[in-house]
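Contents: one structure, followed by commentary.
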Amino acid sequence: MNYKDLADLMFPDAKDISYYEEKYPERNLKEGAIVTRIAPSPTGFIHIGGLYQGLIAKKLANQTEGVFFIRIEDTDQKREVENGVIGIINALTDFGFEPDEGMISETEEKGKYGPYKQSIRKEIYQAYAKYLISQGKAYPCFCLPEEIEEIRAKQESAKIRPGYYGVWAKCRKLTVEEMAEKIKAGEKWIVRFKSPGREDRKIKHKDIIKGNVEFPENDQDIVIIKADGLPTYHFAHAVDDHLMRTTHVIRGDEWLSSVPLHLQLFQELGFKPPKYAHIAPIMKNEDGNKRKLSKRKDPEAAVSYYEEEGIPKEAVTEYLLNIANSTFENWRRANPDKKIQEFELQLNKMSVSGALFDMVKLLDVSKIVISKMTAEEVYENTLKWAKKHNKELANLLEKNKEYSLKVLGIERGNKKPRKDIGKWSEVEDNISYMYEELFEKDKNEYQYQVIKNKETISKILNTYISKYYNENDDKQTWFDKIKELAGEMGYAKEVKEFKENPGKYEAHVGDASTVLRVALTKRTNTPDMYEIMQILGKDTIENRFRKAISEMEK
RNA sequence: GGCCCCGUGGUCAAGCGGUUAAGACAUCGCCCUUUCACGGCGGAGACAUGGGUUCGAUUCCCGUCGGGGUCACCA
């Protein structure tokens with residue numbers, strides 16, 4: 000009985016690995032092309048951190064004319080969620096991070112390096128496990144979970160390093176005959192990797208993001224094939240990323256400490272190891288402590304949150320890029336109109352430690368993104384959002400498309416567009432006073448500022464509408480008339496004049512304008528009032544003023 | 001606890017032995033053919049800490065403290 004016989008006994012049907020090596024040849028890509036992937040569990044849910052990884056992987060592959068693929072890591076059947084794949088693919092595709100290869104639906108896939116779902120690659124893993132066993136580099140382990148528990152308890156009470164290694168690796172010391180006998184006797188087994196490592200030796204590794212790191216070698220005989228016949232993450236990683244010819248493994252930095260093990264696995268399997276880039280997670284501050292954004296506690300961790308809030312995808316992407324490479328911000332300022340795709344992401348410039356998620360900053364990015372959109376784009380985006388989250392608004396927008404376009408076009412499209420919309424959910428509040436239906440229901444109070452006296456307000460409103468306002472005035476004339484109105488009321492026509500002569504005037508032209516604005520919109524903050532009046536029309540203006548006056552009388 | 005990673009203003013961050021220690025968001029003030037916003041200008045605000053090494057340390061080394069990760073038949 001030798002290792003080869005043992006391997007045959009354990010995996011009689013497994014193919015020789017040469018079969019797979021030939022089936023999945025080296026990719027024929029240009030020099031420097033990066034092949035990378037995103038490898039989620041099919042939970043149906045994608046975390047903002049996952050999206051972040053997807054963005055980085057996608058960009059890198061695109062930049063180098065490489066390949067970005069998606070592989071589903073479903074080796075843990077307990078985690079399985081029905082229809083868990085499609086949600087992830089949709090989220091990725093939505094954001095424009097569509098993979099070149101891999102799963103495209105719950106069951107279908109594209110690409111020549113599949114299957115891209117681990118559970119159906121079972122025989123591949125077994126072939127490689129068999130290979131390892133035949134080389135004496137892996138062995139069956141018959142320890143029951145309870146025994147492992149016992150060992151661990153002993154180790155803990157003796158305060159020594161826990162795990163299956165050295166003297167504790169019982170099954171490792173079995174002879175091939177003993178192993179074969181147990182198998183023949185029907186004892187349950189799993190497969191463990193026979194680690195060649197020694198804890199007292201160091202291994203140096205250069206991570207693309209983290210830089211040089213040094214670890215003790217791995218000496219744990221980790222399990223590579225579980226009782227259900229499926230591989231553990233570590234083994235699947237080595238086999239898959241080798242066969243799929245991944246050049247760069249981009250993953251969360253919680254994997255950093257597994258690098259010694261993974262390198263060992265590649266070594267013993269005879270594979271060329273990929274380059275690793277371990278990204279720091281996006282964090283959240285809680286009671287002064289940093290912690291990873293959690294899908295249970297933090298709504299903003301879910302990618303769906305941004306859709307619900309109406310934060311544009313481009314804004315989320317730009318914000319993420321900001322975290323990834325701080326040079327992005329400068330690039331964006333220098334190239335305000337370029338596509339995100341043109342920005343060249345540099346892995347080695349990524350931060351080593353986790354950034355705190357900053358919603359305020361995201362919203363600022365979002366405001367800039369939205370401010371650059373045309374009225375048409377804002378309209379379409381808002382409508383799309385409203386159809387799902389605000390039916391009433393959607394109806395209104397659809398019913399008054401031309402009008403809405405005008406409203407949304409106020410102070411837009413010029414060199415200094417307004418930056419007042421951060422998310423689609425804010426649009427309603429921003430424009431509701433432009434629609435009679437909504438204005439009637441508007442709960443805001445009339446909050447006059449400097450000029451508060453009822454009679455004065457009535458006088459300003461009445462005088463303005465009867466004596467001064469003319470729809471055909473151009474902006475300059477319109478404004479000159481407001482100045483005249485101010486003069487008639489005894490206010491300063493110029494703010495400067497007002498400031499230079501404290502006490503001389505009780506108000507200035509701006510204060511008079513505020514009265515008009517508040518009466519018109521119930522707001523002290525609106526875009527250009529000239530345009531608002533033009534769009535509203537004289538009748539509406541008059542009605543609004545009347546309403547404002549009668550409101551005061553109550 | 002062992003091992004590993006990290007520590008520049010409130011936040012994201014440049015910086016790589018000699019700098020007035022960039023920039024962005026936030027904040028404050030001023031300015032800007034009406035307010036708000038936008039924009040412009042300006043202010044306040046940081047190298048966790050103690051030791052070294054060095055003519056000189058934010059930059060290099062060690063300790064301390066703080067934060068994070070990891071130690072599964074989960075990924």
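Per numbering that gives the first Met the number 0, residue 0 is the first one in the first sequence, and the count goes up by one each step.
Note that CB positions come from ideal geometry on N, CA and C, so glycine has one too.
Within 10 Å of its beta-carbon, does residue i have 16 or more other beta-carbons around it, so buried, or fewer, so exposed?
i: residue 0; result: exposed
i: residue 112; result: buried
i: residue 237; result: buried
i: residue 152; result: exposed
i: residue 340; result: exposed
i: residue 358; result: exposed
i: residue 100; result: buried
i: residue 123; result: buried
i: residue 501; result: exposed
i: residue 108; result: buried
i: residue 146; result: exposed
i: residue 333; result: exposed
i: residue 449; result: exposed
i: residue 525; result: buried
From residue i to residue j, what distance separates their C-alpha atoms?
i: residue 225; j: residue 180; result: 20 angstroms
i: residue 549; j: residue 454; result: 12 angstroms
i: residue 118; j: residue 156; result: 38 angstroms
i: residue 193; j: residue 130; result: 13 angstroms
i: residue 121; j: residue 10; result: 12 angstroms
i: residue 348; j: residue 278; result: 11 angstroms
i: residue 536; j: residue 470; result: 7 angstroms
i: residue 247; j: residue 323; result: 17 angstroms
i: residue 235; j: residue 304; result: 32 angstroms
i: residue 629; j: residue 177; result: Outside the shown range of the chain (0 to 553) lies residue 629, about which nothing can therefore be said.
i: residue 350; j: residue 320; result: 12 angstroms
i: residue 417; j: residue 410; result: 6 angstroms
i: residue 289; j: residue 296; result: 14 angstroms
i: residue 394; j: residue 539; result: 21 angstroms
i: residue 519; j: residue 543; result: 6 angstroms
i: residue 481; j: residue 528; result: 11 angstroms
i: residue 216; j: residue 269; result: 18 angstroms
i: residue 423; j: residue 377; result: 8 angstroms
i: residue 210; j: residue 150; result: 36 angstroms
i: residue 430; j: residue 447; result: 20 angstroms
i: residue 164; j: residue 23; result: 34 angstroms
i: residue 516; j: residue 522; result: 7 angstroms
i: residue 314; j: residue 253; result: 27 angstroms
i: residue 208; j: residue 85; result: 30 angstroms
i: residue 135; j: residue 191; result: 11 angstroms
i: residue 361; j: residue 318; result: 6 angstroms
With which residues is residue i paired in a DSSP beta bridge?
i: residue 68; result: 36 and 100
i: residue 215; result: 201
i: residue 355; result: 282
Span of the alpha helix (DSSP H) holding residue i?
i: residue 139; result: Here residue 139 belongs to no alpha helix (DSSP H); instead the beta strand (DSSP E) covers 137-140.
i: residue 509; result: 508-520
i: residue 276; result: It is not in any alpha helix (DSSP H) - residue 276 instead sits in the beta strand (DSSP E) that spans 274-278.
i: residue 383; result: 374-388
i: residue 233; result: 232-242
i: residue 327; result: 326-333
i: residue 283; result: Element bounds for residue 283: not the alpha helix (DSSP H) but the beta strand (DSSP E), 282-285.
i: residue 558; result: The structure shown does not extend to residue 558, since the chain is modelled only from 0 to 553, so the question has no answer here.
i: residue 258; result: 258-268
i: residue 343; result: Looking at the DSSP string, residue 343 is not in any alpha helix (DSSP H), and its letter there is neither H nor E.
i: residue 412; result: Residue 412 -> no alpha helix (DSSP H), and no H or E assigned at all.
i: residue 31; result: Counting along the chain, residue 31 falls outside any alpha helix (DSSP H), and DSSP gives it neither H nor E.
i: residue 182; result: 175-183
Considering residue i, what are the terminal residues of the beta strand (DSSP E) in which it resides?
i: residue 289; result: 288-291
i: residue 144; result: No beta strand (DSSP E) contains residue 144, which is instead part of the alpha helix (DSSP H) from 144-156.
i: residue 251; result: 247-251
i: residue 359; result: It is not in any beta strand (DSSP E) - residue 359 instead sits in the alpha helix (DSSP H) that spans 358-370.
i: residue 78; result: Premise fails: residue 78 is in no beta strand (DSSP E) and is neither H nor E.
i: residue 222; result: 222-224
i: residue 190; result: 189-192
What I want to know is whether the C-beta of residue i ends up closer than 7 angstroms to one or more non-hydrogen atoms of the ligand FMN.
i: residue 361; result: With respect to the ligand FMN, the structure offers nothing, as it holds no ligand at all.
The stretch 74-85 contacting the stretch 22-33, beta-carbon criterion three pairs below 8 angstroms: Proximity of the stretch 74-85 to the stretch 22-33 falls short of the contact definition, fewer than three beta-carbon pairs being nearer than 8 angstroms.
- prompt: With contact counted as at least three CB pairs below 8 angstroms, one residue from each stretch, are the stretch 11-26 and the stretch 35-54 in contact?
  reply: Too few Cβ pairs lie closer than 8 angstroms, so no.
field: the stretch 427-439 touching the stretch 397-408, judged by at least three CB pairs closer than 8 angstroms
entry: In short, these stretches touch, since the Cβ pair count reaches three.
task: Assess, as a yes-or-no matter, whether the stretch 213-224 is touched by the stretch 252-263 under the definition of 3 or more beta carbon pairs within less than 8 angstroms.
output: Yes, the stretch 252-263 touches the stretch 213-224.
Stretch pair the stretch 504-520 + the stretch 481-488: three plus CB contacts closer than 8 angstroms: Taking a contact to require three or more Cβ pairs closer than 8 angstroms, the stretch 504-520 and the stretch 481-488 qualify as touching.
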